[in-house]
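Numbering (the working numbering), first residue to last: 77 to 299. Even glycine gets a Cβ: it sits at the ideal position worked out from N, Cα and C. From a predicted model like this one, the values you see are computed outputs, not experimental measurements. The next block holds one structure in the form of structure tokens; read it before the comments.
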Amino acid sequence: MRLVEKYRPKTFSDIIGQEKAVARIEALLKRGIGGRALLFEGPSGVGKTTTALVLARHLGIVRDNETLQVVQMGSNLDIRFYRAKEMDQRAVEELRDWLALSNWQAPYKMVIIDEAQTMTKGATDALLSVLETLPERAVVILTTTEAEALQDDLFGRQTPFGSRCIQVSFVKPSNAEIAERLVEIAFKECGNGATLPYREIVQEGKGNVRACLQLLETALVAR
Ligand SMILES: Nc1ncnc2c1ncn2[C@@H]1O[C@H](COP(=O)(O)OP(=O)(O)O)[C@@H](O)[C@H]1O
Ligand SMILES: [Mg+2]
């Protein structure tokens, strides 16, 4: 298994560098997260999709052994994962019908719409009306990498869409945090004594944890 998948965080405490985002989510959990739509916004490779999955696990929707790939295949009937660019108006209507059905096993149904900035206008409008009548037993997570999209007429706070979502911001973890993680993973992979170019990897990865893990994998293979 690729390092990126093998070390994808499974719990909130596994997620590095997102204390604010995690605290926000934990506060929402206390107040009751049901019936809400969350917009996870931030740069690429910092844990947005992962955190959506961690939340699904926390809520008892996704089981421990279910990876992102399993969720994407659609075998878990309480969670749906959409790549936004594949989402048209028809798909949103079908989603609405699915939300109207009672939950299968879990206390909540979850919808993850990944890379939401790529959704068509038609799909966005249709989704807005779904969010307006979201059942209490459902949670919707949208992720988006385009911070600019938040200012424009799609996700801006002033827009009907933006005001319907709770914005959770993700940031680049610090180089020190990423380096610490890389050392930990390298240790698990090959024990002590691994002399790897951690500093170079972290510098080249520019705050993108996914990219850093890919570079680490290459370095481990080349050793
Ligand atoms: N904050 C983080 N803490 C720990 N690992 C992370 C973090 N962000 C990303 N990763 C690693 O990078 C991979 C990709 O992260 P992902 O959640 O898909 O990022 P995003 O959705 O923000 O692009 C994860 O599987 C994990 O291995
Ligand atoms: Mg993602």
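CB contact below 8 angstroms: residue i versus chain C
{"i": "Ile254", "result": "Absent here is chain C; the protein component of the structure consists of one chain."}
Residues near residue i in its chain [Cβ-Cβ closer than 7 angstroms; skip 5 each side]
{"i": "Cys288", "result": "Ile254, Leu258, Ile277, Val278 and Gly281"}
{"i": "Glu142", "result": "Asn152"}
Option in the options with minimal Cα separation from residue i
{"i": "Leu171", "options": "Ile188, Phe88 and Pro119", "result": "Ile188"}
{"i": "Gln243", "options": "Met77, Ala192, Asp90 and Arg78", "result": "Ala192"}
{"i": "Arg78", "options": "Ala298, Val206, Gly150 and Gln290", "result": "Gln290"}
{"i": "Trp174", "options": "Leu292, Leu210 and Thr294", "result": "Leu210"}
{"i": "Leu272", "options": "Ile137, Gln148, Arg133 and Arg299", "result": "Arg299"}
Distance cut-off 7 angstroms: residue i Cβ against heavy atoms of ligand 1
{"i": "Tyr83", "result": "yes"}
{"i": "Val122", "result": "yes"}
{"i": "Ile92", "result": "yes"}
{"i": "Phe246", "result": "yes"}
Cβ-based neighbour list, residue i, same chain, cut-off 8 angstroms, excluding 5 preceding and 5 following
{"i": "Gln181", "result": "Leu153 and Asp154"}
{"i": "Gln94", "result": "Val122, Gly123, Thr127, Phe246, Val247 and Pro249"}
{"i": "Glu208", "result": "Arg240"}
Terminal residues of the alpha helix (DSSP H) in which residue i lies
{"i": "Ala128", "result": "Lys124 to His134"}
{"i": "Ser239", "result": "Pro236 to Arg240"}
{"i": "Met77", "result": "Counting along the chain, Met77 falls outside any alpha helix (DSSP H), and DSSP gives it neither H nor E."}
{"i": "Thr294", "result": "Val285 to Ala298"}
{"i": "Phe246", "result": "That residue, Phe246, is in no alpha helix (DSSP H); it is neither H nor E in DSSP."}
Residue interval of the beta strand (DSSP E) (run including residue i)
{"i": "Leu204", "result": "Note, Leu204: premise wrong, no beta strand (DSSP E); alpha helix (DSSP H) at Lys197 to Glu208."}
{"i": "Ile155", "result": "Ile155 to Arg159"}
Sequence-distant residues of its chain with Cβ nearer than 6 angstroms to residue i (five each side left out)
{"i": "Thr221", "result": "Ser120"}
{"i": "Met163", "result": "Met195 and Ala199"}
{"i": "Arg286", "result": "Val80 and Gly121"}
{"i": "Gln148", "result": "Phe157"}
Practice task
Quick one: residues with CB closer than 6 angstroms to any heavy atom of ligand 4, in chain order, please.
Solution key: Ligand 4 is not among the ligands present in this structure, which contains only ligand 1 and ligand 2.
Handout entry: Touching by the beta-carbon criterion (3+ pairs, under 8 angstroms), the segment 100–117 and the segment 200–216
Key = yes
Problem - Cβ contact check for the segment 124–133 and the segment 158–165: 3 or more pairs under 8 angstroms - result: no
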